[in-house]
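In what follows, a single structure is set out as structure tokens and then discussed.
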Amino acid sequence: MVKLAQEITMKEAPEEALSVVLKTYLEQKIAECQEEIKRLEEKYGMSINEFYEKLGDEFSLSWEHEKDYMGWEAATTNLRYFKEALKNLEKELRKRNKIS
Numbered sequence: 061m062v063k064l065a066q067e068i069t070m071k072e073a074p075e076e077a078l079s080v081v082l083k084t085y086l087e088q089k090i091a092e093c094q095e096e097i098k099r100l101e102e103k104y105g106m107s108i109n110e111f112y113e114k115l116g117d118e119f120s121l122s123w124e125h126e127k128d129y130m131g132w133e134a135a136t137t138n139l140r141y142f143k144e145a146l147k148n149l150e151k152e153l154r155k156r157n158k159i160s
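So, in structure tokens, the structure goes:
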């Protein structure tokens with residue numbers, strides 16, 4: 061797998077190749093989460109917190125609403141996680157570049 065990462069990224073150093081692959085993956089996951097959040101915000105015309113407050117009152121507890129809320133919550137949680145992981149990766153890369 062490392063050789064494939066080196067080949068795809070055209071980076072000789074295994075660690076550098078893997079960091080490029082990992083950074084690209086995290087950026088893709090962040091974009092996917094942001095797209096899902098935007099889709100749901102546009103669908104309902106509000107934020108997840110506003111939707112949660114209205115769920116059960118203005119929005120029935122239907123399967124669609126429950127499913128949307130769970131997906132929205134997952135996308136929001138995952139977005140925070142992937143952003144933090146990317147921040148940590150970039151911090152580690154900066155630290156390693158200072159050492160090299």
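Heads up: the sequence shown begins at 61 in the working numbering, then just goes up one per residue.
For every residue, glycine included, the Cβ atom is placed at its ideal position computed from N, Cα and C.
A quick note: this is a predicted structure, and the numbers were derived from the prediction, not measured.
Quick one, are the C-beta atoms of residue 146 and residue 108 less than 8 Å apart?
-> no
Whole-number beta carbon distance between residue 66 and residue 72, since they are thought to touch under 8 Å = 6 Å
Identify, in the order they occur along the chain, each residue of the same chain with its Cβ nearer than 7 Å to the Cβ of residue 142, setting aside the five sequence neighbours on each side.
-> 86, 89, 90 and 93
Bounding residues of the alpha helix (DSSP H) (the contiguous stretch that carries residue 87) = 74-104
So, do the stretch 126-141 and the stretch 94-105 have three or more beta carbon pairs nearer to each other than 8 Å?
-> yes
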